[in-house]
Amino acid sequence: MTEKALTESGLMAPGAALAARLREARRRRGMSRRQLADISQVSMRYLALLESGDGNVSVAVLCRIAAALDTPVANLLQDSDGASPAGDMAARFAAATPHQKRAILEILGAPHDDAPDRRRRIALVGVRGGGKSTLGRLASARLDVPFREVSDGIEQLAGVPVSEVVALYGQDGLRRYEATSLAELAARHDELIVAVGGGIVETEANFDFLLSHFHTIWVHALPADHIARVSAQGDDRPMRGYTEAQRHLEVMLSKRAAQFARTDAALDTSGLDVDGALADLLGLIAPWMAGEAAPQGVARQKAGLQKAAVYKAAV
242 MTEKALTESG LMAPGAALAA RLREARRRRG MSRRQLADIS QVSMRYLALL
292 ESGDGNVSVA VLCRIAAALD TPVANLLQDS DGASPAGDMA ARFAAATPHQ
342 KRAILEILGA PHDDAPDRRR RIALVGVRGG GKSTLGRLAS ARLDVPFREV
392 SDGIEQLAGV PVSEVVALYG QDGLRRYEAT SLAELAARHD ELIVAVGGGI
442 VETEANFDFL LSHFHTIWVH ALPADHIARV SAQGDDRPMR GYTEAQRHLE
492 VMLSKRAAQF ARTDAALDTS GLDVDGALAD LLGLIAPWMA GEAAPQGVAR
542 QKAGLQKAAV YKAAV
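If you count the sequence shown from 1, position 245 lands on 486 in my numbering, and the numbers rise without skipping.
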């Protein structure tokens with residue numbers, strides 16, 4: 242029985258069909274999994290998950306794999322004879338812009354802001370000094386769920402510190418590793434708290450993936466608090482040029498405020514001790530851990546704009 246027949250008869254799950262096509266495409270190219278991982282910048286572990294039919298693949302990662310295999314994305318989503326209308330539709334959807342994808346999902350009546358695959362995954366996003374790592378570790382211990390830093394995942398994938406990733410591959414390389422790290426976390430964990438650097442908002446595809454696969458909280462403080470906390474961690478560089486550093490941070494955060502406002506919630510840690518900030522964070526997380534949905538549509542947009550306006554007024 243052919244792969245197509247197996248799929249249409251219900252004997253082969255969609256994940257298994259994709260896995261079979263991926264293995265066949267790699268075989269035709271004469272590529273080892275290691276070679277595909279090196280070219281696509283997708284880890285061997287993640288490729289193994291996909292080829293076993295167990296992984297959840299994002300559009301961005303699938304596009305990188307297809308490019309490395311020198312094959313259209315559609316060939317991984319449908320039979321090579323192009324006979325599958327569903328595969329053709331999936332390929333067209335994959336090539337659409339984020340705005341077009343949201344419009345399509347709304348027309349179909351499908352959920353998009355709170356898709357089922359967000360599960361109980363929580364992402365704390367923001368620039369250094371907001372408190373996301375400290376609070377994330379404490380919250381994970383309190384709730385007995387894993388905690389991860391995306392930066393640690395990047396370093397494990399690249400085999401070098403983040404600073405060297407930037408030096409070797411530039412910001413584009415860093416964001417590719419960031420995308421793979423996030424995809425692996427989403428594929429491996431239904432319950433998770435993850436800390437994500439604020440620079441993710443500069444890459445639309447990565448930030449869109451984060452918003453659709455994790456419940457997101459923007460963890461922030463006033464610029465002076467950010468700088469003081471970084472200095473307290475043993476990095477005195479901001480204090481050596483305090484005025485310039487504070488102004489730079491104010492401009493950067495104000496510029497990114499509208500993007501940060503797309504998160505599901507915001508946590509202002511200014512003036513709070515660790516216990517107080519943790520209590521506020523646990524209060525935000527509780528509904529999601531109980532399986533409740535975050536605000537959607539217009540209500541979420543208005544909440545986001547309000548957060549951005551409040552922050553801009555503060556700086």
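Backbone N, C-alpha and C fix where the C-beta goes; we use that ideal spot for every residue, glycine too.
So T444 packs on R416, CB below 8 Å; how close in whole Å? Contact flag correct, Cβ pair sits at about 5 Å.
Check whether the Cβ atoms of V435 and R470 sit closer than 7 Å, and answer yes or no. Going by C-beta atoms, V435 is not nearer than 7 Å to R470.
S588 burial status per 10 Å Cβ neighbour count (16 or more: buried): Any property of residue 588 remains undetermined from this structure, which presents the chain solely from 242 to 556.
Identify, in the order they occur along the chain, each residue of the same chain with its Cβ nearer than 6 Å to the Cβ of S381, setting aside the five sequence neighbours on each side. Only F388 and I434 meet the Cβ criterion.
For the candidate residues A499, L259 and S273, whose alpha-carbon lies nearest to that of G439? Comparing Cα-Cα distances from G439 to each of A499, L259 and S273, the minimum goes to A499.
Closest to L384 by C-alpha separation, out of G532, I526 and E533, would be which residue? Nearest option by C-alpha distance: I526.
How long is the line joining the alpha carbons of L277 and V442, rounded to whole angstroms? Their Cα atoms are separated by approximately 28 Å.
Comparing the CB of A462 with every heavy atom of the ligand SAH, is any distance shorter than 6 Å? Within the structure as shown, the ligand SAH is missing, as the structure has no ligands at all.
Measuring alpha carbon to alpha carbon, tell me which residue in A427, T504, A261 and L513 is nearest L463. A check of alpha carbon separations from L463 across A427, T504, A261 and L513 identifies L513 as the nearest.
Could you tell me the alpha carbon to alpha carbon distance between G532 and D505, rounded to whole angstroms? If you take the alpha carbons of G532 and D505, they lie about 15 Å apart.
Please work out which residues of its chain come closer than 7 Å, Cβ to Cβ, to A307, disregarding the five sequence neighbours upstream and downstream, and give them in chain order. Closer than 7 Å at the Cβ level, and outside the excluded window around A307, lie P313, V314 and L317.
Could you tell me which residues DSSP puts in a beta bridge with T457? Looking at the DSSP assignment, T457 forms a beta bridge with A364.
Residue from A408, D449 and R360 with nearest C-alpha to P528: Nearest of A408, D449 and R360 to P528, Cα basis: R360.
Going by C-alpha distance, which of G372, K373, A446 and A364 is nearest H183? Since the first residue of the chain shown is 242 and the last is 556, residue 183 is not available in this structure.
Taking all protein chains shown into account, do 16 or more other C-beta atoms lie within 10 angstroms of the C-beta of V391, making it buried, or fewer, making it exposed? V391 should be labelled buried.
Going by C-alpha distance, which of K373, A309, R268 and A428 is nearest A295? Note that residue 295 corresponds to Asp in the displayed sequence, not to Ala. By alpha-carbon distance to D295, the top candidate from K373, A309, R268 and A428 is A428.
Exposed unless 16 or more other CB atoms sit within 10 angstroms - verdict on S293: With fewer than 16 Cβ atoms within 10 Å of its Cβ, S293 is classed as exposed.
Figure out for me which residue from G256, Q282, I468 and E265 has the closest Cα to the Cα of D413. Comparing Cα positions, the closest option is Q282.
In chain order, what residues of the same chain have a beta carbon less than 6 Å from the beta carbon of E432, not counting five sequence neighbours either side? Cβ neighbours of E432 beyond the five flanking positions: R361 and V386.
Please check the pair L426 and L519, which I expect to be a contact at CB under 8 Å, by giving their CB distance rounded to whole angstroms. In this structure L426 is not in contact with L519, their Cβ atoms being roughly 22 Å apart against a cut-off of 8 Å.
Could you tell me whether the Cβ atoms of G367 and W459 are closer together than 7 Å? For G367 and W459, yes; Cβs fall inside 7 Å.
In or out: R267 buried (at least 16 other Cβ within 10 Å) or exposed? Counting every other CB atom within 10 Å of its CB across the protein chains shown gives R267 a total of 16 or more, marking it as buried.
Would G371 be called buried (16 or more neighbouring beta carbons within 10 Å of its own) or exposed? Label assigned to G371: buried.
What's the call for A408, buried or exposed, on a 16-neighbour Cβ count within 10 Å? By the Cβ-count criterion, A408 is exposed, with fewer than 16 other Cβ atoms from all chains shown falling within 10 Å of its own Cβ.
Host alpha helix (DSSP H) of D516 (start-end): Where D516 is concerned, the enclosing alpha helix (DSSP H) stretches over V515 to M530.
Short check: CB of L490 to CB of L508, under 7 Å? Not a contact, by the Cβ cut-off of 7 Å.
Would you mind working out which of L494, A309 and A260 sits nearest R270, comparing C-alpha positions? Nearest option by C-alpha distance: A309.
To the nearest angstrom, how far is the alpha carbon of R378 from that of V437? In a straight line, the C-alpha of R378 is about 13 Å away from that of V437.
Going by C-alpha distance, which of D311, L263, T510 and R503 is nearest A289? For A289, the nearest C-alpha among the options comes from L263.
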